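Single-structure report; data block below.
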Amino acid sequence: MTSQATGSRRGRPGYDRETVLRRAVDLFNERGYDATSTADLARDLGVSKSAIFHHVSSKEELLASALDEALTALASAVDAAADDVRTPGSSATDRLRATVAESVRILVAHLPTVTLLLRVRGNSAVEQAALERRRVIDEKLARLVREAAAEGTLRTDLAPELISRLVFGTVNSLVEWYRPGGTLSPDDLAEQVTALAFDGLAVRPGTLPAPPTVEP
Numbered sequence: 129m130t131s132q133a134t135g136s137r138r139g140r141p142g143y144d145r146e147t148v149l150r151r152a153v154d155l156f157n158e159r160g161y162d163a164t165s166t167a168d169l170a171r172d173l174g175v176s177k178s179a180i181f182h183h184v185s186s187k188e189e190l191l192a193s194a195l196d197e198a199l200t201a202l203a204s205a206v207d208a209a210a211d212d213v214r215t216p217g218s219s220a221t222d223r224l225r226a227t228v229a230e231s232v233r234i235l236v237a238h239l240p241t242v243t244l245l246l247r248v249r250g251n252s253a254v255e256q257a258a259l260e261r262r263r264v265i266d267e268k269l270a271r272l273v274r275e276a277a278a279e280g281t282l283r284t285d286l287a288p289e290l291i292s293r294l295v296f297g298t299v300n301s302l303v304e305w306y307r308p309g310g311t312l313s314p315d316d317l318a319e320q321v322t323a324l325a326f327d328g329l330a331v332r333p334g335t336l337p338a339p340p341t342v343e344p
């Protein structure tokens, strides 16, 4: 219902709904959703509140749209792995690795909205609905971990639910420090996070540790 309502709103020339949404997400992340008012958003954009309401019906609509973007993107990666869509017949372990890597790429591509998603606490109906959708995603991830463990490729002394929380907790922690435009590309980041999650920090046979850095 929300997507139909928002999709029917037409933007003004040179000032569209997408601009309002992106700046709103930034403000929600900077100040907190509850502490940011529609008046704050209008002031930041240099427009009147009526200009904001030309594009959306409420602040809650902006929050719902932002959370839906993040959840839809994350769910797509998990659903593809859980349903064996991308590589039919692949092992659960391979699909789990691919899901971890894709989750990193999605987080980077949708960094502001995923950051907002990870900060919601269920203080409204919109947030509660988002948390329920996130719970479904988490359950699918845990199921995929259990399938990989059943293949004998994961440690059996750790509960699959714990592995899932630790691995994807590491992925989620990227919102706290990763900044786009740095020396580490999204693909490089995805590869390194996946390697750390599945291969650990130990030096593998046939490899040598990098030499220590010596200050001049």
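Just so you know, we're using my numbering here: the sequence shown kicks off at 129 and counts up by one. Where is the CB? At the ideal position from N, CA and C, for every residue including glycine. Just so we're clear, the structure is a prediction, and the values are computed from it rather than from any experiment.
The segment 248-268 / the segment 192-210 touching (three or more Cβ pairs under 8 angstroms): yes
According to DSSP, simplified to helix, strand and coil, what is Leu286? Numbered from its first residue, the sequence shown carries residue 286 at position 158. Correct three-state label for Leu286: coil.
Spatially closest choice to Leu190 from Asp211, Leu244, Leu294, Asp315, by CA coordinates: Start at 1 with the first residue of the sequence shown, and residue 190 comes out as number 62. The candidate whose alpha carbon is nearest that of Leu190 is Leu244.
Is the segment 245-253 close to the segment 310-327, with three or more CB pairs under 8 angstroms? no
Go through the segment 249-315 residue by residue and report every complete run of the beta strand (DSSP E) that reaches 3 residues or more, in order. none
Going by beta carbon distance, what residues of the same chain come within less than 7 angstroms of Leu272, once the five residues before and after it are set aside? For the purposes of this step, residue 272 is taken as the residue at position 144 of the sequence shown. Ala209, Ala210, Ala220, Arg223, Leu224, Thr227, listed in sequence order.
Would you mind working out which of Asp144, Val232, Ala192 sits nearest Leu173, comparing C-alpha positions? Locating residue 173 in the sequence shown gives position 45, counting from the first residue. When each option's Cα is compared against that of Leu173, the closest is Asp144.
Which of the three DSSP states, helix, strand or coil, is assigned to Ser204? In the sequence shown, residue 204 corresponds to position 76, counting from 1. Helix, per DSSP.
Cutting at 6 angstroms between CB atoms, please list the residues of its own chain near Val233, excluding the five before and the five after it. For this step, residue 233 is matched to residue 105 along the sequence shown. Contrary to the premise, residue 233 reads as Arg rather than Val in this sequence. Within the same chain, Arg233 has close Cβ partners Pro314, Ala318.
Taking a contact to mean a Cβ-Cβ separation below 8 angstroms, would you say Asn300 touches Pro240 in this structure? Position 172 of the sequence shown, counting from 1, holds the residue named residue 300. Position 112 of the sequence shown, counting from 1, holds the residue named residue 240. No, Cβ-Cβ distance for Asn300 and Pro240 is not below 8 angstroms.
So what does DSSP say about Arg164, is it helix, strand or coil? For the purposes of this step, residue 164 is identified with residue 36 of the sequence shown, where counting begins at 1. Looking at the sequence itself, residue 164 is Thr, so the reference to Arg does not match. Coil at Thr164, not helix or strand.
Taking Ala229 and Thr322 to be in contact with their CB atoms under 8 angstroms, please state how far apart those CB atoms are, rounded to whole angstroms. As a first step, residue 229 is located in the sequence shown; it is residue number 101 there, counting from the start. As a first step, residue 322 is located in the sequence shown; it is residue number 194 there, counting from the start. That belief holds up - the Cβ atoms of Ala229 and Thr322 are roughly 5 angstroms apart, short of 8 angstroms.
Can you give me the C-alpha to C-alpha distance between Leu312 and Tyr306, rounded to a whole angstrom? Along the sequence shown, read from residue 1 onward, the residue named residue 312 stands at position 184. Along the sequence shown, read from residue 1 onward, the residue named residue 306 stands at position 178. So the alpha carbons of these two residues sit roughly 9 angstroms apart.
Distance check for Val184 and Thr147, CA to CA, integer angstroms please. For this step, residue 147 is matched to residue 19 along the sequence shown. For this step, residue 184 is matched to residue 56 along the sequence shown. Taking the straight line joining both Cα atoms gives about 12 angstroms.
Whose C-beta lies closer than 7 angstroms to the C-beta of Glu275 among residues of the same chain, with five residues either side of it excluded? Within the sequence shown, residue 275 is the residue found at index 147, counting from 1. Once the five neighbours on either side are set aside, the close Cβ partners of Glu275 are Ala220.
To the nearest angstrom, report how far apart Ala287 and Ser231 are at their CA atoms. By 1-based counting over the sequence shown, the position of residue 287 is 159. By 1-based counting over the sequence shown, the position of residue 231 is 103. Ala287 and Ser231: Cα-Cα distance of roughly 21 angstroms.
Closest residue to Ala253 among Lys177, Glu188, Ala325, Lys268 (Cα-Cα distance): The sequence position of residue 253 within the sequence shown is 125, counting from 1. The shortest Cα separation from Ala253 among Lys177, Glu188, Ala325, Lys268 belongs to Glu188.
Drop a sphere of 10 angstroms on the beta-carbon of Thr200, count the other beta-carbons inside from all chains shown, and report buried for 16 or more, exposed for fewer. Counting from one through the sequence shown, the residue named residue 200 turns up at place 72. Classification for Thr200: exposed.
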